[in-house]
Amino acid sequence: MSMSSQTLLKIDEIKSFLKTRNDEDDAVLEMIADGVSEAFSRFTKRTLMTKTLSEYICDGNGLVDLYLPNWPVTTLTSLYESDALLVIDVDYKIDMSEGRLQRLGEESPVWPDGTRNLKMLNLVSGYTITATDTRPFDLKLAALKQVGAEYQRFVDKTFNEINRSLSGQSTSLLDKEFAIGVEDVLRRHMRV
């Protein structure tokens, strides 16, 4: 099994974090990492890893700033407003790290209200692992913690358990979607 292109982690990072060299559970670890990455994207309501769109059409909002659904932006080849090509640093500027387009101009510099009136070509956004690793450290660590927690459940076979009794002792297990501290990190990576 190979990991999805949307997975936040590499198998060697996971194994290093878990301090294991065993290859037996690689397929399980890859599946868990894919599931954790998907859950993180769903929670943050954005695609966290690199996504390439040859064409992206969106609505103008009547404001100076327009936020793209995914960030950071690495490439935006062309931007059209109602079929008119806009010129970067004349008609708009872009904050690549925040995925924010700011409308420029002498008169009413706002993105006009409208439905499907903005078209972007070759929009590439999201974090990368390959040549340059752009993943924020806190997000990477949160993913490692979550994969570790899910893997421990797999090893202990504690799926869907809330309480466990053994030799007269009772243990309560946390029944939360994310490991402790992970949700706080994810909230920092959401658009407010």
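Numbers in the working numbering are just positions in the sequence shown, counted from 1, shifted up by 164.
We put the beta carbon where it would ideally sit given N, CA and C, even for glycine.
Remember, it's a predicted structure, so these values are computed and weren't measured experimentally.
Counting every other CB atom within 10 Å of its CB across the protein chains shown gives residue 214 a total of 16 or more, marking it as buried. When C-alpha distances from residue 355 are compared across 203, 201 and 210, the shortest belongs to 210. Proximity to residue 287 across 247, 206, 243 and 296 peaks at 243, based on C-alpha coordinates. Straight across, the Cα-Cα distance linking residue 275 with residue 258 is about 13 Å.
Contact check for residue 224 against residue 282 passes: the beta carbons are separated by less than 8 Å. Between the C-alpha atoms of residue 348 and residue 302 there is a straight-line separation of about 10 Å.
The beta carbon of residue 298 lies closer than 6 Å to those of 291 and 292 in the same chain, with the five residues before and after it left out.
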